[in-house]
Each structure stands twice: as structure tokens, then as C-alpha cells.
Amino acid sequence: MSNEQQLDNSVKFRPDYQWPDKDAERDCPKCNNSMQRQEDLPEYYGKPWWCHTCQWQFSEEELND
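Right, dumping it as C-alpha cells:
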């Protein structure tokens, strides 16, 4: 017996975020402190920007809105 399942809507675990340039800098829209740019690694599933103060992640798309 096969244990294979087909989902109607496939799940994507690593969204295709637009990644900023390596020398890019941004301030947090919540607290105005500088954010850390995460490395675009295959094993990283979060958003590109991380605010250590707020403990919040942001994508380029969210920051450009």
C-alpha cells in the first residue's frame, strides 16, 4: 500500500522573497532601529530583514508598501 498523498493546493515552504543587496541597510518601520539583513541560504525559511529589538521579520515587499 502506498503512503503517497496528493494535495489540491501544493504547499511552498520557502517563499520567493525579493532579496536585498548585500550592502543594503534598512530601519525598522515599528521602532526605527536598524535591522539585520539575513543571508539568502537554502536552509533559511524566514524573511530577509530581522529587527532584533522588535523580534519581527520583514520582506522587501512589505517595506516598499
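For the sequence shown, the working numbering gives the first residue as 1, with consecutive numbering after it. From the three backbone atoms N, C-alpha and C, an ideal C-beta is built for every residue, glycine too. Owing to the predicted nature of the structure, the values given are computational and were not obtained by experimental measurement.
Residue range of the unbroken alpha helix (DSSP H) whose run includes residue i
i, result
"glutamate 62", "60-64"
Boundaries of the beta strand (DSSP E) in which residue i is found, first to last residue
i, result
"tryptophan 49", "49-51"
Residue(s) in a DSSP beta bridge with residue i
i, result
"aspartate 27", "Ser34"
"glutamine 57", "Trp50"
Burial state of residue i (16 or more Cβ within 10 Å)
i, result
"phenylalanine 58", "buried"
"proline 48", "buried"
For residue j and residue i, the rounded distance between their alpha carbons
i, j, result
"cysteine 51", "alanine 24", "14 Å"
"aspartate 40", "aspartate 27", "19 Å"
"glutamate 62", "tryptophan 56", "12 Å"
"aspartate 65", "proline 42", "26 Å"
"glycine 46", "aspartate 16", "10 Å"
"asparagine 32", "aspartate 21", "20 Å"
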